[in-house]
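Undergrad: This is the structure I have questions about; it appears just below.
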Amino acid sequence: MTRDHQDSRRESPQNSSPAERLLFGGLGAGLIALSLRQRGGMGVVLGTGGALLLAGAAMGQGLGETLTRVRRTEDDHIKVQKAVTIGLDAGELYTFWRDFENLPRFMDHLESVKVQGEGGQRSHWVAKAPAGTSVEWDAEITADEPGRRIAWRSLEGATVPNEGEVEFRPAPGDRGTEIHVSLTYRPPGGTLGATVARLLGEDPDVQIGQDLRRLKRLLEVGHVPTTEGQSSGRKGPMKAEAKMYDNRRTS
Amino acid sequence: MKAVVWQGVNRMGVETVPDPQILQPTDAIVRVTKTAICGSDLHLMDGYVPSMVHGDIVGHEFMGEVVEVGAEVRKVKVGDRVIVPFPIACGKCWYCQKGLTSLCDNSNPNPGLAEKFWGYSPAGLYGYSHITGGYAGGQAQFARTVYADANLYKVPEGLTDEQVLFLTDILPTGYMGAEHCNIHGGDVVAVFGCGPVGLFGIASAFLLGAERVIAIDRFPERLEMARSYGAETINYEEENVFERLREMTGGRGPDSVMDAVGLEAQAHGFLGVADAVKQTTRVLESDRPHALRAAIMACRKGGTVSVPGVYGGLADKIPVGAFMNKGLTMRTGQTHVHRYLDTLTGHIQRGEIDPTRIITHRLSLEEAPHAYEIFKHKHDGCIKCVLDPWADPKDHAPVK
Ligand SMILES: [Zn+2]
Ligand SMILES: [Zn+2]
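Chains as they are written, first to last, in full-length UniProt numbering: chain G, 1 to 251; chain Z, 1 to 400.
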């Protein structure tokens, strides 16, 4: 797949063929109709499945795309680009980010980053992996424009070669600064292998989005809000089983 | 402590639960002295708001006395008597600083969930499902409140609990609904729904300079209350609302129309039945938008539709042709409670608005399930229930 083609797919949600949409849409409607005649759990399952297919068809998303959602570049790299606006000026944000040891404070998959040597050009990164294991690599800064931009890349020998770039752009009006982040991971063997999934969760896009939101909250408010540990009527074993009631079978 | 807990669709119960604790240094614990049941609590009870979890403490209209503050709380002190606005402001983000507190960027701990439903996440709300943060609510003896300095509003001396309790939600909601009507001198405003928000919408429309307000409902006691606030009324079960509004406004239509009903509107005829079926199955439609349709159709050309009524998800057959061809403006949103508090407290202090008039029932917290029942079914002339978390349950005849 060419890069151009890839990009147009990325921007438009209408990325499944008309035939595909018609097929899944029809299937979805059929399942919903069927579910209305069923009682109990089966009806719910059919209805939910139907509605998901229908919604997918309406949004123009193919099933494969909906299920995996991991994006590849033409040479099978994973590239994630995300932006967030934070109500601080670019200088403050640059200073915070330039100290890479701050990154694990908001990047969930990182366990630690240690800056090494004079000028902090090199750093040692440790990322979390399942079952208490971790992945480590060394990285170096490849571009450093105070108040504007930082770029870095992993050094030879990294299990998952990766590079990153962050740009700080003044936002219009009194909105603060836009942070534009771009991360690229090159999983070994040219496959989307487990390694990256391990690093970034099932959906790197979502993961990085959450990381940036955590950064915003950390810097604007001082901490990330939580309801962990608040009182409720959930007790004992029910606590673990507690499920969200979801009436959202339309979306 | 005792608290009202969501136990599943149509099941609100009173349970003994652990007392709340300070979880973050900007928290404060409030001993709740008065709390109320809101119309939007009924949407939770009926299961039209997704992402409730069995055991969630509900309630987003509450006030009380601060009994504990976190290490970083500066402005609020133990012993302060406060109201707690239902949307949670962080006080620091762009939206909070612009006074758009119900759109706070930072206070919802589950923004990803909200983004799936709505594109972007609004503020966290107390006692109002996990899509808006999953914060435990205030229909309880104590409540954890967050970002205390940015949210807790100190009650001025000389005002009773009942005079200020509705500043947490429905009074500013009615006021913002009226403000969204964009009222100019001589304007006629129609208000669909004479529940608490509609009633405060009527009172606010007059405060903001409306010449006439026409209120629409079907319950005689609510219409009576609307008249006591100065409105003319239409009972939609007895008259054709569209024709009557047209006639009452010299054929022009009301300059602004407020939908103070929201997602569980009653409607007759084919569309009404279709909505009810679709919403009940929750497969095709989550909201029953009859009042919104009627508001769009009834509004005069070039007029304004204001929607303080709560909608949750997807609605069907909105007359967008009428909306476009008549050149209407629509304004809506969860209420930016914080920005109205000084103004409305002033109106209360000067006697220009008496929020206590809408209270029809005063019950103990233990009686909450009963209160939900009579409020939902409008039994016993119920317009607004206030609960006292520390009162003994009174004897009352069970409603069956
Ligand atoms: Zn409310
Ligand atoms: Zn905020």
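Virtual Cβ for every residue (Gly too), placed ideally from N, Cα, C.
Ignoring anything shorter than 4 residues, give me the alpha helix (DSSP H) runs that lie fully in the segment 147-206 of chain Z, in order along the chain.
TA: Runs found: 148-151, 161-164, 170-179.
Undergrad: Using Cβ-Cβ distances below 9 Å, what residues of the segment 176-188 of chain G are close to chain Z?
TA: Listed by position, the residues of the segment 176-188 of chain G near chain Z (Cβ gap below 9 Å) are 176.
Undergrad: Check whether the Cβ atoms of residue 83(Z) and residue 167(Z) sit closer than 7 Å, and answer yes or no.
TA: Against a cut-off of 7 Å, the Cβ pair of residue 167(Z) and residue 83(Z) comes out as a contact.
Undergrad: Consider the C-beta atom of residue 210(Z) and the heavy atoms of ligand 2; say whether any pair is separated by less than 6 Å.
TA: It does not: the Cβ of residue 210(Z) is nowhere closer than 6 Å to a heavy atom of ligand 2.
Undergrad: Three-state secondary structure (DSSP) at residue 103(G)?
TA: Looking at residue 103(G) - three-state DSSP - the assignment turns out to be helix.
Undergrad: Give the residues from the segment 200-225 of chain G that approach chain Z closer than 9 Å (Cβ to any Cβ), ordered along the chain.
TA: Correct list: 206, 209, 210, 213, 216, 217, 220, 221, 222, 223, 224, 225.
Undergrad: Starting from the beta carbon of residue 24(Z), find every residue of chain G whose beta carbon is closer than 8 Å, and list them in chain order.
TA: Here the neighbours are 223, 225, 226.
Undergrad: Quick check: the segment 69-77 of chain Z against the segment 94-110 of chain Z, are at least 3 beta-carbon pairs closer than 8 Å?
TA: Output reads no: the segment 69-77 of chain Z does not touch the segment 94-110 of chain Z.
Undergrad: Return the first residue and the last residue of the alpha helix (DSSP H) that residue 185(G) is part of.
TA: Run containing residue 185(G): none in the alpha helix (DSSP H); it sits in the beta strand (DSSP E), 177-185.
Undergrad: Return the CA-CA distance between residue 51(G) and residue 50(Z), expressed in angstroms with no decimal places.
TA: For residue 51(G), the pLDDT reaches just 46, beneath the cut-off of 50, and the residue's location in the model is therefore unreliable, leaving the point undetermined.
Undergrad: Are the C-beta atoms of residue 31(Z) and some chain G residue less than 7 Å apart?
TA: Output row for residue 31(Z): interface = no.
Undergrad: Output the distance between the C-alpha atoms of residue 102(G) and residue 108(G), rounded to the nearest integer angstrom.
TA: Cα to Cα, the separation comes out at about 12 Å.
Undergrad: Short of 7 Å Cβ to Cβ, which residues in the UniProt domain "Alcohol dehydrogenase-like C-terminal" (196-265) of chain Z face chain G?
TA: Result list empty, no residue passes.
Undergrad: Note down the Cα distance separating residue 159(Z) from residue 138(Z), rounded to an integer number of angstroms.
TA: One C-alpha to the other measures close to 21 Å.
Undergrad: Taking a contact to mean a Cβ-Cβ separation below 7 Å, would you say residue 259(Z) touches residue 192(Z) in this structure?
TA: Cβ distance < 7 Å, so residue 259(Z) and residue 192(Z) count as in contact.
Undergrad: Is there contact between the segment 249-259 of chain Z and the segment 297-309 of chain Z, where contact requires at least three CB pairs shorter than 8 Å?
TA: In short, these stretches touch, since the Cβ pair count reaches three.
Undergrad: For residue 394(Z), which residues from the same chain have a beta carbon less than 8 Å from its beta carbon, with the 5 sequence-adjacent residues on both sides left out?
TA: Only 363, 364, 367 meet the Cβ criterion.
Undergrad: What's the C-alpha gap between residue 263(Z) and residue 184(G)?
TA: If I take the Cα positions, the gap works out to 44 Å.
Undergrad: Pull up the distance between the alpha-carbon of residue 219(Z) and that of residue 124(Z), whole angstroms please.
TA: Taking the straight line joining both Cα atoms gives about 33 Å.
Undergrad: In chain order, which continuous runs of the alpha helix (DSSP H) of length 4 or greater are located wholly inside the UniProt domain "Alcohol dehydrogenase-like N-terminal" (25-145) of chain Z?
TA: List check, alpha helix (DSSP H) in window: 39-46, 94-97, 111-118.
Undergrad: Could you tell me the alpha carbon to alpha carbon distance between residue 228(G) and residue 34(Z), rounded to whole angstroms?
TA: Cα-Cα distance, rounded: 26 Å.
Undergrad: In this structure, does DSSP put residue 2(Z) in helix, strand or coil?
TA: Correct three-state label for residue 2(Z): strand.
Undergrad: If you draw a straight line from the alpha carbon of residue 234(G) to that of residue 16(Z), how long is it in whole angstroms?
TA: Cα to Cα, residue 234(G) sits roughly 11 Å from residue 16(Z).
Undergrad: Just the chain A side, please: which residues come within less than 7 Å of residue 15(Z) by C-beta, in chain order?
TA: The chain labelled as chain A is not found among the protein chains of the depicted structure, namely G and Z.
Undergrad: Within the same chain, show all residues whose beta-carbon is closer than 8 Å to that of residue 223(G), passing over the 5 residues directly before and after it, in chain order.
TA: Cβ neighbours of residue 223(G) beyond the five flanking positions: 217.
Undergrad: For residue 320(Z), report the span of its beta strand (DSSP E) as first-last.
TA: Counting along the chain, residue 320(Z) falls outside any beta strand (DSSP E), though it belongs to the alpha helix (DSSP H) covering 320-325.
Undergrad: What separation, rounded to the nearest whole angstrom, lies between the Cα atoms of residue 404(Z) and residue 141(G)?
TA: Residue 404(Z) lies beyond the residue range present for chain Z, which begins at 1 and ends at 400; the question has no answer from this structure.
Undergrad: Mind listing the chain Z neighbours of residue 244(G)? Cutoff is C-beta to C-beta under 8 Å, in chain order.
TA: Per Cβ cutoff of 8 Å: 50, 51, 52, 53, 130.
Undergrad: Taking the beta carbon of residue 8(G) as the centre, do at least 16 other beta carbons fall within 10 Å, making it buried, or is it exposed?
TA: In this prediction, residue 8(G) scores a pLDDT of 38, lower than 50, which makes its location untrustworthy; the coordinate-derived value is nonetheless stated afterwards. Flag for residue 8(G) reads exposed.
Undergrad: Alpha carbons only, please: which of 370(Z), 94(Z), 97(Z), 43(Z) is nearest the one belonging to residue 128(Z)?
TA: Closest option to residue 128(Z), Cα to Cα, is 43(Z).
Undergrad: Return no unless some Cβ of chain Z is closer than 7 Å to the Cβ of residue 230(G).
TA: It does; some Cβ of chain Z falls within 7 Å.
Undergrad: Counting Cβ pairs, one atom from each stretch, are 3 or more of them under 8 Å apart for the segment 178-194 of chain Z and the segment 109-122 of chain Z?
TA: As far as the Cβ criterion goes, the segment 178-194 of chain Z does not touch the segment 109-122 of chain Z, which means the pair count is below three.
Undergrad: Just the chain G side, please: which residues come within less than 8 Å of residue 94(Z) by C-beta, in chain order?
TA: In chain order: 85, 87, 174, 175, 176.
Undergrad: Which residues share a DSSP beta bridge with residue 163(G)?
TA: Residue 163(G) pairs with 153(G), 184(G).
Undergrad: Spell out whether any CB of chain Z is found under 7 Å from the CB atom of residue 57(G).
TA: Model confidence at residue 57(G) stands at a pLDDT of 44, short of 50, so the residue's coordinates are unreliable and nothing is read from them.
Undergrad: Could you name the residues, in chain order, whose CB is less than 5 Å away from a heavy atom belonging to ligand 1?
TA: Any residue whose Cβ sits closer than 5 Å to a heavy atom of ligand 1 makes the list: 38(Z), 40(Z), 169(Z).
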